[in-house]
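Worksheet: one structure, shown below.
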Amino acid sequence: MSETLPTTEVTVSDADLLDQTSVAVRAAGSALRERFGEVVRYQNREELMRALAANDDTALGILRPRLTRLRPDAGWVEDELDGGALPPGEWWVVDPAEGNVNHLHALPEWAVTATLVRENQPVLTVVHLPLTGETYTALTGAGAHVDGRPLHVSQTADLGLSLVATSQARPDEDENVVRRVGSSITAMLFDALVVRTSVPATLHLLNVAAGRIDAFWQFAGARADLLPGALLVREAGGRISDAEGRPWTPQSESFLAAAPGIHAEAVATLSR
């Protein structure tokens, strides 16, 4: 089963760019951390959307000018729920508050992410967890790290001994996708040791890259919630494909990131 996200030569400029991107992402995370603590109350979807937008705007007010200065000619993905291929050239794919709804509910599972995509391939990514202070980074061909320490996926070779995870792409998902998610969770409950289900996807993928979780899958999805983790897992030695084992691209209808030793078993389970 072939992999996407092909390795390219690492340049000094990209390594330096990763460092500068990390500084910007951490600054945005600090601003969001100051807004965190109390549960934000809302009575309807309109109030919810305003609260989500307030967090996004806080982080974007820091991220956008700084990342634009770093790469003035790069495009900017406006909607973190967008999917599919990008036009040619460089693009910043940013989720200013990954797990935003968790932030509003005073839950700790949220992050700030920024990924530079070049000709539809992620070149570098930064994921910062403001509550722990951890910063996860990956640079194509140079590995994945957390605060400078190398990340490696697990050596598990038995799905029956594996902790696996999934997530939902968006609240108002297509009915067929929702049913497919439910069926896949049922299948994994039979075949895996433990199944975790929560948002956001990126935090599960950090754990796959770090060897804490053995596999993550998702049906549908946006660039911003899959590209950062895809690069981290690939650079940590994991396998990336769609749920049927085919090469994954942002246009794919499913996504699977797994330790090499259980990738084939996970594909078999998800393909039932």
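Going by the numbering used here, the final residue of the sequence shown carries number 272, and the count climbs one at a time with no gaps. Where is the CB? At the ideal position from N, CA and C, for every residue including glycine. Because the structure is a prediction, the values reported are computed rather than measured.
Using DSSP with H/G/I as helix, E/B as strand and the rest coil, what is residue i?
i, result
"PHE219", "strand"
"PRO6", "Unreliable positioning characterises PRO6 in this predicted model, as indicated by a pLDDT of 47, which lies under 50. The coordinate reading is nonetheless provided below. Residue state, collapsed to three classes: coil."
"PHE255", "strand"
"LEU129", "strand"
"ARG50", "helix"
"ARG234", "helix"
"ARG41", "coil"
"MET1", "Interpretation of MET1 is limited by its pLDDT of 42, a score under 50 that renders its predicted location unreliable; the figure taken from the coordinates is listed afterwards. In this structure, MET1 counts as coil in the three-state DSSP scheme."
If you draw a straight line from the alpha carbon of residue i to that of residue j, how long is it in whole angstroms?
i, j, result
"ASP158", "GLY261", "7 Å"
"LEU231", "LEU205", "10 Å"
"ARG170", "GLY221", "8 Å"
"ASP214", "ALA258", "6 Å"
"GLU47", "VAL101", "12 Å"
"SER254", "PRO96", "23 Å"
"GLU235", "GLY229", "10 Å"
"MET49", "ARG35", "16 Å"
"THR115", "LEU86", "13 Å"
"ASP19", "PRO122", "16 Å"
"GLY160", "LEU189", "10 Å"
"LEU32", "ARG66", "16 Å"
"ALA51", "LEU104", "8 Å"
"SER198", "ILE185", "12 Å"
"GLY89", "GLY75", "8 Å"
"SER241", "LEU256", "5 Å"
"VAL177", "PHE219", "7 Å"
"GLU244", "ALA24", "37 Å"
"THR166", "TRP217", "5 Å"
"ARG272", "ALA187", "8 Å"
"ASP91", "THR249", "For the sequence presented, residue 91 should be read as Trp rather than Asp. Roughly 16 Å separates the two Cα atoms."
"TYR42", "ALA142", "44 Å"
"VAL126", "ALA264", "29 Å"
"ARG239", "GLY211", "13 Å"
"VAL208", "VAL77", "26 Å"
"GLU173", "ALA27", "32 Å"
"GLY29", "ARG223", "20 Å"
"SER22", "ASP16", "10 Å"
Counting only beta-carbon separations shorter than 7 Å, does residue i have a partner in chain E?
i, result
"ASN55", "As a matter of chain content, chain E is missing from the structure shown, which is built from one protein chain."
List the residues that DSSP assigns as beta-bridge partners of residue i.
i, result
"GLN121", "ARG118"
"VAL146", "TYR136, ARG149"
Between which two residues does the alpha helix (DSSP H) harbouring residue i extend?
i, result
"ALA31", "12-34"
"LEU107", "Here LEU107 belongs to no alpha helix (DSSP H), and DSSP marks it neither H nor E."
"THR269", "263-270"
Please list the terminal residues of the continuous beta strand (DSSP E) segment that includes residue i.
i, result
"ARG246", "Segment: none, ARG246 is in no beta strand (DSSP E) and carries neither H nor E."
Does the ligand SAM have even one heavy atom less than 6 Å from the beta-carbon of residue i?
i, result
"ALA28", "Here there are no bound small molecules, and the ligand SAM is not part of this structure."
What are the start and end residues of each continuous alpha helix (DSSP H) run of 4 or more residues lying completely inside the region 59-97, in chain order? none
Along the chain, which unbroken stretches of the beta strand (DSSP E) at least 3 residues long are found entirely within the region 149-230? The DSSP assignment places complete beta strand (DSSP E) segments of no fewer than 3 residues inside the region 149-230 at 163-166, 194-197, 215-219, in order along the chain.
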